[in-house]
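Undergrad:
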DNA sequence: CATACCAATGCAACAAAATTGCACCTGAAT
DNA sequence: ATTCAGGTGCAATTTTGTTGCATTGGTATG
């Protein structure tokens, strides 16, 4: 997909949420969409030295509030962000999918959407959201392990 | 269950992991076992003013390494700890159960062990652990909502 | 195209959370 | 009772996240 199309997509996304199309915001979206793993705040900071730390925090916060990205904590408790595939609305994320956290490279993959079977919750609990979290070896690290 | 038995249980636990039976450690275990929800580091700090913050960090870390407790992050990214029910060994937690995070009181409940159906991971991924997270209303907060 | 407004950014200062190093204390083995 | 390594407390530091305010820059308006 050509770069221009991506840019247009992101600009429409920002428009749709009544957010101004600024450089830092478009770059954050483009960074995130160029990877197949979630991006941590520290990662972003390294990738965009020229953008202020505070600005990144604020961008990530609005994006999450608006349902543009969703947050997932890795095994170290660091927040990782990924662009929401679909169905996410303001103040209500519907990210019922599988998050895979590699124990070696620490990358977080947002994998296929799940169709979870009915889960029996004890009486009184009213679930609004489910997320399945798996940890182990991702394909890359799995290969490396075998070569040892 | 009388207090004395609990203390014995915890002392054996520490023995088993070659950890010294100290006051702070026994108190941490007793605090955790007295609740039906996971305990956050800030919680512990409030409950045990006389114990140094650093000591708490260190206790939680060893306990986790040894497989005595396991860590789960709540919706705010705060680490919560709960005593492992069973099957957890050093450096390998087997806590394949349901974590429920209440969106109102923020408590994290470690619910029944799951028997997850086979999950299809994309080729190359090798999962070692699964955890299902749910968020919503816990029984207490659910009742309060109804009364409004 | 010029103007004006307000959202967005950057900077500085601050606050909170976590880590490190070291001196001292204490549980437990002898 | 003595010894010693593990454990704790304290101080200092680093890292992470937050707040307030001045300035910048999209974008709506005419």
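Residue numbers (my numbering), protein chains in the order written: chain A, 1 to 148; chain B, 149 to 296. Where is the CB? At the ideal position from N, CA and C, for every residue including glycine.
If we ignore side chains and look at the alpha-carbon of each, how far apart do residue 268 of chain B and residue 140 of chain A end up?
TA: In a straight line, the C-alpha of residue 268 of chain B is about 18 Å away from that of residue 140 of chain A.
Undergrad: Hey, how far is the Cα of residue 179 of chain B from the Cα of residue 209 of chain B?
TA: So the alpha carbons of these two residues sit roughly 16 Å apart.
Undergrad: Compare the beta carbon distance of residue 65 of chain A and residue 71 of chain A with 8 Å and say whether it is the shorter of the two.
TA: In this structure, residue 71 of chain A does not lie closer than 8 Å to residue 65 of chain A by Cβ.
Undergrad: When the cut-off is 8 Å and only beta carbons count, does residue 276 of chain B lie next to chain A?
TA: Answer yes: the Cβ-Cβ gap between residue 276 of chain B and chain A drops below 8 Å somewhere.
Undergrad: How long is the line joining the alpha carbons of residue 79 of chain A and residue 73 of chain A, rounded to whole angstroms?
TA: Straight-line Cα distance between these residues: approximately 5 Å.
Undergrad: Can a CB atom of chain A be found closer than 8 Å to the CB of residue 186 of chain B?
TA: Cβ-Cβ to chain A under 8 Å: no for residue 186 of chain B.
Undergrad: When the Cα atoms are used, what is the spatial distance from residue 82 of chain A to residue 157 of chain B?
TA: The straight-line gap from Cα to Cα measures roughly 44 Å.
Undergrad: Between the alpha carbons of residue 149 of chain B and residue 183 of chain B, how many angstroms are there, rounded?
TA: Bear in mind that a pLDDT of 42 at residue 149 of chain B, under 50, signals an unreliable position, so the number given afterwards is only what the model happens to contain. For residue 149 of chain B and residue 183 of chain B, the distance between alpha carbons rounds to 14 Å.
Undergrad: Once the 5 residues before and after residue 251 of chain B are set aside, which same chain residues still bring their CB inside 6 Å of it?
TA: 283, listed in sequence order.
Undergrad: Going by DSSP, name the residue or residues bridged to residue 71 of chain A.
TA: Paired residue(s): A:81.
Undergrad: Would you kindly work out how many angstroms separate the C-alpha atoms of residue 275 of chain B and residue 145 of chain A, rounded to a whole number?
TA: Between residue 275 of chain B and residue 145 of chain A, the C-alpha separation is close to 14 Å.
Undergrad: Could you check whether the Cβ of residue 63 of chain A sits closer than 8 Å to any Cβ belonging to chain B?
TA: It does not; no Cβ of chain B falls within 8 Å.
Undergrad: Would you mind working out which of A:76, A:15, A:115 and A:117 sits nearest residue 108 of chain A, comparing C-alpha positions?
TA: Ranking A:76, A:15, A:115 and A:117 by Cα distance to residue 108 of chain A puts A:76 first.
Undergrad: Using a Cβ-Cβ cut-off of 8 Å, state whether residue 69 of chain A counts as contacting chain B.
TA: Output row for residue 69 of chain A: interface = no.
Undergrad: So is residue 280 of chain B in contact with chain A if we call contact Cβ pairs under 8 Å?
TA: Yes - at least one Cβ of chain A is within 8 Å of the one on residue 280 of chain B.
Undergrad: Using a beta-carbon distance below 8 Å, is residue 3 of chain A in contact with chain B?
TA: With a pLDDT of only 42 at residue 3 of chain A, under the threshold of 50, the placement of this residue in the model should not be trusted; the figure read from the coordinates follows. Cβ-Cβ to chain B under 8 Å: no for residue 3 of chain A.
Undergrad: Name the chain A residues that come within less than 8 Å of residue 265 of chain B, Cβ to Cβ?
TA: Within 8 Å Cβ-Cβ: 117.
Undergrad: Could you work out which residue in B:273, B:193, B:290 and B:270 is closest to residue 125 of chain A when comparing CA atoms only?
TA: For residue 125 of chain A, the nearest C-alpha among the options comes from B:290.
Undergrad: List, in order along the chain, the chain A residues whose C-beta lies closer than 9 Å to that of residue 269 of chain B?
TA: Result: 98, 100, 111, 112, 134 and 136.
Undergrad: Strictly under 8 Å for the Cβ-Cβ distance: is residue 230 of chain B near chain A by that measure?
TA: Taking Cβ atoms only, chain A never reaches closer than 8 Å to residue 230 of chain B, which makes this a no.
Undergrad: Determine, using beta carbons only, whether residue 142 of chain A comes closer than 8 Å to chain B.
TA: With 8 Å as the cut-off, residue 142 of chain A counts as an interface residue toward chain B.
Undergrad: In terms of residue numbering, what span does the beta strand (DSSP E) encompassing residue 132 of chain A cover?
TA: It spans 126–137 - the beta strand (DSSP E) in which residue 132 of chain A sits, taken as one unbroken run.
Undergrad: Taking the alpha carbon of residue 270 of chain B as the reference point, which residue from A:48, A:99 and A:24 has its own alpha carbon closest?
TA: Ranking the options by Cα distance to residue 270 of chain B, first place goes to A:99.
Undergrad: By DSSP's criteria, residue 100 of chain A is part of a beta bridge. Which residues make up the other side?
TA: Answer is A:109 and A:134, bridged to residue 100 of chain A.
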